[in-house]
Structure formats: C-alpha cells, structure tokens
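Remarks on the structure that follows.
There are 2 protein chains.
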Amino acid sequence: MSKDEKKKIDTDSNIIYVGNKPPMNYVTAIMALLNSGNFTEVVIKARGNAISRAVDAAEITHNRFLTNAEVKSIDIGTETVTNEDGRKSNVSSIEICLAMKKTDG
Amino acid sequence: MSKDEKKKIDTDSNIIYVGNKPPMNYVTAIMALLNSGNFTEVVIKARGNAISRAVDAAEITHNRFLTNAEVKSIDIGTETVTNEDGRKSNVSSIEICLAMKKTDG
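Pasting the structure below:
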C-alpha cells in the first residue's frame, strides 16, 4: 500500500468515530468527507466522555467552516461494554448526523 | 426559610442544569420533577464536559427508572462564555427534552 493510499480517508463510510484527540482533528475529517463529493451527510459517533467532543466537532464544523451544513438529527443511546477485567458496564452514546443544506438549482 | 422549604425542588421550572456532580444526583432530580405531577416533560441542559453527563442522566432515567419516559427531542448549540480573565470563549451546549409517554385513557 502506497503512502498516498494510506493517507486517504476511507470514503466507503460516512461515519466519524470521535475519541480522545483534539476536536479539530475530527473537524478536518468531517470536512474532508463532506468535501469529497461522495456524501452529502456524515454521522458523528461517540461514547462516554467523548460525547462532549463530538458535539464540539459538529458545532465547530457548521458554525465556522461549513456554514451550509446543518445538524439533521441527533440520537442518544446506551451501549454495553466489557471492561478489561471482564465486567460489563453501560456507557452512553451519541450519533449526530450533519448534512449539507440543499441548494436551489 | 425552613429546612423543608430548602429541600424542596423548584417546581416552577422544568429545567435541570447538569454540572459536575455524579449522574445519579441529576437522575433523582429529574424523577422528582416528573413524579411531582406538575410537568409531563423536563429539559436537561448542560455545557462543555458536562454534556456527556447529561446524556448519562437522561439514559439512566428512561432505561432504569422511568421506562415510560422517552427522549422527545435533543438540541445542540454553542454559547459564548466570558472567562475569569475577561476573555471570551465558545462552549458547546445540549438540551435534552425527556417526556412521559402518553397512556391511553
């Protein structure tokens, strides 16, 4: 696999998983997906403490960079995760769908 | 003001502000409001890192305690806050509306 191929964002999926990196990392990933021309919407997913970062990334994207994008839907839920020591615990999750506004013509 | 009055939850408002306390504190506050009979829905608000705790509180409430409550709507936004040193910064916010399901009859 060449370097170029490695750097390419996986354009088969329009899902961005938000973790512990700075919010701007996810903002650039969201913008790359929306500007690729393959998708008119992205789904931003996060669990636990990363939920607030997912909201940050969505807000920064459509307030500062892609003002023609809008929050289409938000969904919250609970997922069961198995810890390293085998115990199960519940963790909250969020899915934010960010879509490009339809333009006339 | 008597002790009893102090303990009473402010039943004029159906807004719960989520901060840095453990999620269960907010769960009990939500349940108290919904069980008071004054409101059929509560609005759970949070900013910044507390956003994930607000989602936790909403999820715990309707999954474990009030299974006849449901998430009616979720809204995210950005608020401008002035820091202690006078600088302004943006912070993400969330509003989760939790409502009792309508029962027949």
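These protein sequence lines map, in sequence, to chains A and B.
Here the first sequence is numbered in the working numbering, starting from 1 and rising by one per residue.
Here the second sequence is numbered in the working numbering, starting from 1001 and rising by one per residue.
No residue lacks a Cβ here, since even glycine has one placed at the ideal position from N, Cα and C.
At a cut-off of 7 Å between C-beta atoms, A:ASN49 counts as an interface residue with respect to chain B. Closest in alpha carbon position to B:ALA1069, among B:MET1100, B:ASN1025, B:SER1013, B:ALA1029, is B:MET1100. Around the Cβ of B:PRO1022, a 10 Å sphere holds fewer than 16 other Cβ atoms; the residue is exposed.
Assigned with DSSP and collapsed to three states, B:THR1028 falls in helix. Leaving aside the five residues that flank B:GLY1019 on each side, the residues in its chain whose CB is nearer than 7 Å to its CB run, in chain order, ALA1050.
Burial is judged here by how many other beta carbons sit within 10 angstroms of a residue's own beta carbon; B:ASN1038 has fewer than 16 and is exposed.
Excluding the 5 residues flanking it on each side, A:TYR26 has same chain C-beta neighbours closer than 8 Å at ILE16, VAL18, ILE44, ARG53, ALA54, ALA57, in chain order. Against chain A, the CB of B:ASN1014 has no partner CB under 7 Å away; the residue lies outside that interface. When Cβ-Cβ separations below 7 Å define contact, A:ILE44 makes no contact with chain B.
In its chain, beyond the 5 residues on either side, VAL27, MET31 have a beta carbon closer than 7 Å to the beta carbon of A:PHE65.
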